[in-house]
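Novice: So for the sequence shown, the working numbering puts the first residue at 251; every next one is plus one.
Got a structure for you, questions after.
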Amino acid sequence: MKHRKETFTAVLFLALLAAGLCYIGFLFLNGESELRKELGKVRRDLSYALTFVESAETALNEDLDQEHGFIQLYGGFQRLTGRRVLEDVNQAAQVVRLSNGALNFSYLSTTPADMTGLADTFNQFGDHLAGEGIPLLYVAAPQKVEAGKDLLPPGLTDYNNENADRFLSLLEEHGTDTVDLRPLFEETEDYASWFFRTDHHWKPEAAFYAWQYLTTILEEDYGISTDPAYTDESNYDKVVYEDYFLGSQGKRVGTLYAGTDDITEYIPKFETNFTYTCPFYAIDRSGPFEESLLFPERVAEKDYFNGNPFTLYAGGDYPQATIVNHLNPDGKKVVLLRESFSCALTPFLALSCSELTTIDLRYFSGDLPETLSELDPDLVVVLYCVSSLNSQDLFRFGL
Numbered sequence: 251m252k253h254r255k256e257t258f259t260a261v262l263f264l265a266l267l268a269a270g271l272c273y274i275g276f277l278f279l280n281g282e283s284e285l286r287k288e289l290g291k292v293r294r295d296l297s298y299a300l301t302f303v304e305s306a307e308t309a310l311n312e313d314l315d316q317e318h319g320f321i322q323l324y325g326g327f328q329r330l331t332g333r334r335v336l337e338d339v340n341q342a343a344q345v346v347r348l349s350n351g352a353l354n355f356s357y358l359s360t361t362p363a364d365m366t367g368l369a370d371t372f373n374q375f376g377d378h379l380a381g382e383g384i385p386l387l388y389v390a391a392p393q394k395v396e397a398g399k400d401l402l403p404p405g406l407t408d409y410n411n412e413n414a415d416r417f418l419s420l421l422e423e424h425g426t427d428t429v430d431l432r433p434l435f436e437e438t439e440d441y442a443s444w445f446f447r448t449d450h451h452w453k454p455e456a457a458f459y460a461w462q463y464l465t466t467i468l469e470e471d472y473g474i475s476t477d478p479a480y481t482d483e484s485n486y487d488k489v490v491y492e493d494y495f496l497g498s499q500g501k502r503v504g505t506l507y508a509g510t511d512d513i514t515e516y517i518p519k520f521e522t523n524f525t526y527t528c529p530f531y532a533i534d535r536s537g538p539f540e541e542s543l544l545f546p547e548r549v550a551e552k553d554y555f556n557g558n559p560f561t562l563y564a565g566g567d568y569p570q571a572t573i574v575n576h577l578n579p580d581g582k583k584v585v586l587l588r589e590s591f592s593c594a595l596t597p598f599l600a601l602s603c604s605e606l607t608t609i610d611l612r613y614f615s616g617d618l619p620e621t622l623s624e625l626d627p628d629l630v631v632v633l634y635c636v637s638s639l640n641s642q643d644l645f646r647f648g649l
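The following block contains the structure:
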């Protein structure tokens, strides 16, 4: 049986290789080949020969991957052969298939980390804000790999959840306010369903669910009230874009390996009016929730490899952006230190505020303490996925 499987795999590989060569030949004969263009340059100028040697591989790869066909063939082959760890020229983007069928990047925390230094940095930031009279709340968002579950391929380990446990414990010992969202999702029937199969982010449904939970804490602990009608999911129309999204992990292996994802657009049935600005990208949008805080142009056309429907929510990762809620002028001002998980949460959180400023420290080049002093918010919220504790840039507080 093993010999038969190996024979089948070899035959399939040769068939795919032959198909790739035939495809290159077709492009070559039809004048669409990048390799043919490079050969033409050599024919016209022999001095280009040395450059051709350097550029031929790139040209050949472009021919193979016309409209990402090579990625699709590669992913399909790996699926047929049952491989769960997919080699990638970029090791940082290597994809693995979890036991539940979802994809994940393999850049995991493979050893327990000492979280003392990171926690000290964050607690120092909290102490600074306390001196300014500004409360600080750290919110831990769940990652795709659920704590305590054996989801990874054999030989791979992940300590992101354990590292987050130690980090949160050190914050709590110092007296820093924290919220751990992981138990909220772990207590549901299907943890995996809150995440995209082909992307590392949580779904808009998960962000909405997290916001529903956070509104109670925001009101009880910080006086930030939210109209109960806003958190009632029945007060939203939901448009589902089916098979519309190939996430960051799926783009590495193609649709044949793990399929595609749906993405849901939430549109309030109640009146809303916002202005959303980001000077760095010359963004200035005003109007209802679905026109100002959502970016419907990001789902105007299905494009698996070049589009990113996840940025339907809040547009993307901006250094600094401001949302003004014109229908809540007497509400609280909040600053959200964020990474990409907050894209889906930001529009909902804006419903709870009079003004919401988002700052992504990976791209922010200003003076954070000075900026916060000028903004004088009623609360600073830091919401990071537990896997983001690996990113030092997200903890550059400028102190």
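For glycine and all other residues, C-beta sits at the position ideal for the given N, C-alpha and C.
As the structure is a computational prediction, the values presented were derived from the model and not from experiment.
1. Using the three-state DSSP reduction, which class does Ser542 fall into: helix, strand or coil?
2. Can you tell me the Cβ-Cβ gap for Gly351 and Ala457, rounded? I've got them flagged as a contact below 8 Å.
3. To the nearest whole angstrom, what separates the beta carbons of Leu599 and Trp444, a pair I think is in contact under 8 Å?
4. Going by CA-CA distance only, name the one from Leu406, Pro518, Leu586 and Thr426 that's closest to Asp370.
5. If you drop the 5 nearest sequence neighbours on each side, which residues of the same chain put their C-beta closer than 6 Å to that of Val503?
6. Closest to Leu434 by CA distance: which of Gln393, Tyr531 and Ser592 is it?
7. Taking contact to mean 3 or more Cβ pairs, one atom from each stretch, closer than 8 Å, check whether the stretch 525-532 and the stretch 570-588 are in contact.
8. Indicate whether Tyr459 and Thr505 have their beta-carbon atoms separated by less than 9 Å.
9. Compute the distance between the beta-carbons of Asp511 and Phe524, then report whether it is under 9 Å.
10. Thinking Asn413 and Ala363 are a contact (beta carbons under 8 Å), I'd like their distance in whole angstroms, please.
11. Sort out for me which residues DSSP pairs Lys583 with in a bridge.
12. Of the choices Asn558, Glu624, Asp534 and Pro597, whose alpha-carbon is the least far from that of Asp449?
13. Cutting at 7 Å between CB atoms, please list the residues of its own chain near Asp487, excluding the five before and the five after it.
14. Let me know the secondary structure DSSP gives Glu396 once reduced to three states.
15. Tell me the rounded alpha-carbon separation between His576 and Ser604.
16. Output yes or no for whether 9 Å exceeds the beta carbon distance between Phe372 and Leu421.
17. Please name the residue, chosen from Arg447, Glu547, Thr481 and Leu586, that lies closest to Asp493 on a Cα-to-Cα basis.
18. If we ignore side chains and look at the alpha-carbon of each, how far apart do Ile513 and Ser615 end up?
19. Taking only runs that begin and end inside the stretch 410-461, name each unbroken alpha helix (DSSP H) of 4 or more residues, in chain order.
20. Identify whether Tyr486 lies in helix, strand or coil by the three-state DSSP scheme.
21. Given Ile467, which residues of its chain have a CB within under 7 Å of its CB, disregarding the five upstream and five downstream residues?
22. Rounded to a whole number of angstroms, what is the C-alpha to C-alpha distance between Phe591 and Glu455?
23. So for Gln499, helix, strand or coil by DSSP?
24. Where DSSP assigns a beta bridge to Phe355, which residues make up the other side?
25. When DSSP labels each residue in this structure, what does Ser638 get in the three-state scheme?
26. Can you name the start and end residues of the beta strand (DSSP E) that Asp511 belongs to?
27. Is there a C-beta anywhere in chain B that falls below 9 Å from the one on Lys582?
28. Is it right to say Ser637 is buried, meaning 16 or more other beta carbons lie within 10 angstroms of its own, or is it exposed?
29. Is Leu406 helix, strand or coil by DSSP?
30. With respect to the beta strand (DSSP E) encompassing Phe591, which residues constitute its N-terminal and C-terminal limits?
31. If we count the other Cβ atoms within 10 Å of its Cβ and call it buried at 16 or more, is Ser349 buried or exposed?
32. In three-state DSSP terms, what is Glu547?
33. Apply the 10 Å Cβ neighbour rule to Val490 and answer buried if 16 or more other Cβ atoms are within range, or exposed otherwise.
Specialist: Taking the geometry as given:
1. helix
2. Between Ala457 and Gly351 the Cβ distance is about 22 Å, and since that is not below 8 Å, they are no contact.
3. About 18 Å separates the two Cβ atoms, so there is no contact after all.
4. Thr426
5. Gly325, Leu336 and Val345
6. Gln393
7. yes
8. no
9. no
10. 5 Å
11. Glu605
12. Asn558
13. Ile517 and Lys519
14. coil
15. 7 Å
16. yes
17. Arg447
18. 32 Å
19. 410-424 and 432-436
20. strand
21. Val429
22. 12 Å
23. coil
24. Val345
25. helix
26. Asp511 to Pro518
27. No chain B is part of this structure, which consists of one protein chain only.
28. buried
29. coil
30. Neither: Phe591 is in no beta strand (DSSP E) and is coded neither H nor E.
31. exposed
32. helix
33. exposed
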